[in-house]
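Have a look at the structure below, then the notes.
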Amino acid sequence: MKGFMQVRHEVKATLSRAKLVARVGGCIAIAISALVLIGWVWDIDRLKRLVPGLVSMNPMTAVAFILISLSLLLQLHPKESLKQGVVGLSWRFRFGQIGAILVLIVGLLRLIGYLLPGYDAHVDQILFSNKLAGDVGAMPNRMAPNTALAFLLAALSLLLLDRTSQEEKRPTEYFSFAVLIISFFGLVGYFFGIKQFIGVGDLIPMALHTAVVFQLLAIGILCARPNQGLMAIILSEGPSGVIVSRLFPGVVFALGVLSWLRYELEHTGHLDSKTGVTLLVVTSILLFGALMAKAAREISLLERTGRQLQRDRDLFFYQPLGLFAVCDDRGHFLQINSAFTEQLGFLQEELLSKPFTKFVHPDDIQHTFAELEALSQGKSTAGFENRYATKEGSWRIFSWRCYPVPEEKRIYAAAQDVTELRAAECALSDSERHLDITLRSISEAVLCTDLEGHVTRLNLAAEKLAGWRQGEAIGRSFDEVFQIIDEGTLESARLPVADTLADGGVHSFAEHTVLTSRDGRQYSIAGSCAPIQTISSEWCWFFEI
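Counting from 894, one number per residue, gives the positions in the sequence shown under the numbering used here.
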């Protein structure tokens, strides 16, 4: 069974592949259009029209394809950019919009020319005007009306690429599918030789490679935002994604092949029309049934896996293993487990009905909003702490670990109640502070070290005796700060640390111990070593002159 991180990785990979499809489609469209322009410049007929005898792509159509393709490629990047701390529209997005507006103007002017011949701007005859006449028999080469309409729709889809209605509908998808349908009719018309599918009346028809490029562009525009709208459903791992990704391509391919076979057999006289239609219907039903059965098996497997994942999630989420929550990026709990109600005393409905900042301590709200902003940008957090109000009026301290999923506008969070731990640390810190005050106020010289023998503190009497200030001595070894020797042998005196480590008791220095201070003066001292429990488990040494 797939884990969350594996599913997350697969979703990211799917989105990346969709963006790659858009990028490749845009690049191919630019390449085809550039070749067409080269064909017009150098009079290479094969570049202007794919097949001899077919209509050539109009040079303005090629220019519009380059502009609309560049618009698509530029808008694949994030719409907003951060510059000097200010969020604004990126230059790529701005130039992409400009390209779409120019194509919109071209398509609109050409449609007006068809609808109102007296207002024809002849925008499609600006380039190579001397070569356009007679390109299609006695008819001059113009931008076809269905081509102009497709450009208008494609430009609108890119101008509205990031617009979403309140019902979560994306206008760009409707326009893109319209372009897809118009160009698909053109391809089918060329494939089966149906003139009515590739043009409007007696006007110039859409060129074959124009229909191909529009297919690439429409698919690319749909894949430009693969985590939104209908494309998010199509690319999902759920039943809807299975139906579209498994069933639809197979149906389209199979029906296309069967229709072509029927057409060829009827055209060559091997089948009459009635038999051909019957054969097509029967084979289509059988094929569709087989594909439906395959899709049903995959959906059933997904449903079983989904139910198991839901049971596992519920068992984990609602067990008393900690505080678990799912939030949105606007500061609302979407789901919480029972640990929240147990810790805070509020009902689940009360916690879900308000922004969670309503329960946060006023002094922590600004810090909480800053952390929420970072999470909404995809940055995980660990160890973030804030205080939450309880129904009784007290405050609980929660330490959070959060994992954001920006494309879903969700934040998955786990918290630990550290109220008692922070209170214990505070008490221990107060106790240590009191110890420090006490040690620095007594008349005996006191030096403290850690378990490795490095100085951690000196009181005033010890500073005077050793000639070291506390700030200078901290971190240095005991032997460097307090140089003690045996008065009789003048050798280094034995420290009773080992004895203290062995039994945890208080042990004294040997008799006739002499301390040599930093300035060279010597003092006969008596001292002892005693363990005192602090946060850092220090040893304290007491000296008398």
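Glycine residues also receive a C-beta, built at the ideal position from the N, C-alpha and C atoms.
Status (buried if at least 16 other CB within 10 Å, exposed otherwise) for residue i
i       : result
Trp984  : exposed
Leu1227 : exposed
His1102 : buried
Phe1249 : buried
Val1072 : buried
Val1339 : buried
Val944  : exposed
Cys1319 : exposed
Phe1262 : exposed
Gln1415 : exposed
Leu1042 : buried
Ile959  : buried
Ala911  : buried
Leu1128 : buried
Leu1383 : exposed
Leu1314 : exposed
Ile883  : Past the edges of the chain, shown from 894 to 1438, lies residue 883, and the structure says nothing about it.
Ala1183 : exposed
Phe1141 : exposed
Ser1193 : exposed
Glu1285 : exposed
Asp1028 : buried
Pro1255 : exposed
Pro1098 : buried
Three-state secondary structure (DSSP) of residue i
i       : result
Ser1336 : coil
Ser1385 : strand
Met1099 : coil
Glu1285 : coil
Ser1269 : helix
Ser962  : helix
Asp1379 : strand
Ser1129 : coil
Ser1421 : strand
Leu1109 : helix
Leu975  : At Leu975, the pLDDT of 42 sits below 50, so the modelled position is not reliable; the number obtained from the coordinates is stated separately. Residue state, collapsed to three classes: strand.
Pro1119 : coil
Arg1280 : strand
Val1399 : coil
Ile1114 : helix
Arg1294 : strand
Delimiting residues of the beta strand (DSSP E) encompassing residue i
i       : result
Gln1409 : This sequence places Thr at residue 1409; Gln is not what is there. Residues Thr1406 to Thr1409.
Ile1304 : Arg1303 to Asp1310
Leu1351 : Val1348 to Leu1351
Among the options, the one whose alpha carbon lies nearest that of residue i
i       : options                               : result
Asp1257 : Asn1230, Leu963, His1015 and Ile1290  : Ile1290
Ala955  : Asp1013, Ile1019 and Ile1378          : Ile1019
Ile1074 : Ile1112, Ile1087, Phe1085 and Gly1094 : Ile1112
Phe1402 : Ile1418, Leu1109 and Arg1414          : Ile1418
Ser1336 : Asp1329, Asn1352 and Arg1326          : Asn1352
Leu1408 : Ala1423, Arg1387 and Asn951           : Arg1387
Asp1396 : Cys1422, Glu1380, Ile1377 and Asp1372 : Cys1422
Gly1381 : Val1399, His1405 and Gly1360          : His1405
Val1106 : Glu1066, Ser1076, Phe1084 and Phe1141 : Ser1076
Lys1024 : Glu1066, Trp935 and Thr1349           : Trp935
Val1311 : Val1219, Trp1288, Ala1047 and His1163 : Trp1288
Ile994  : Trp1361, Gln968, Leu1051 and Val929   : Leu1051
Asp1055 : Phe1021, Pro1010, Gly1368 and Ala1117 : Ala1117
Val929  : Lys941, Asp1017, His1327 and Gly992   : Lys941
Ser1152 : Ser1058, Gly946 and Phe1084           : Phe1084
Leu1096 : Leu963, Leu1179, Leu1158 and Pro1033  : Pro1033
Leu965  : Met950, Val917 and Leu1001            : Val917
Gln1241 : His1260, Arg1223 and Phe1217          : Phe1217
Gln1299 : Ser1322, Phe1277 and Gln1270          : One detail in the question is off: residue 1299 reads as Pro in this sequence, not Gln. If we check each option's Cα against that of Pro1299, Gln1270 comes out closest.
Residue range of the unbroken alpha helix (DSSP H) whose run includes residue i
i       : result
Val1145 : Phe1141 to His1160
Leu995  : Trp984 to Leu1008
Asp1372 : Phe1371 to Val1374
Gln1518 : Nothing about residue 1518 can be reported from this structure: the residues present for the chain run from 894 to 1438 only.
Exercise. Pick out the complete alpha helix (DSSP H) segments inside the region 917-959, 4 residues or longer, and give them in chain order.
Key: 938-941
Quiz item: Residue ranges of each alpha helix (DSSP H) run of no fewer than 4 residues wholly in the region 1010-1093, ordered along the chain?
Solution: 1022-1025, 1038-1052, 1064-1085 and 1088-1091
Quiz item: Which runs of the beta strand (DSSP E), 3 residues or longer, sit entirely within the region 1210-1260?
Solution: 1216-1221 and 1226-1229
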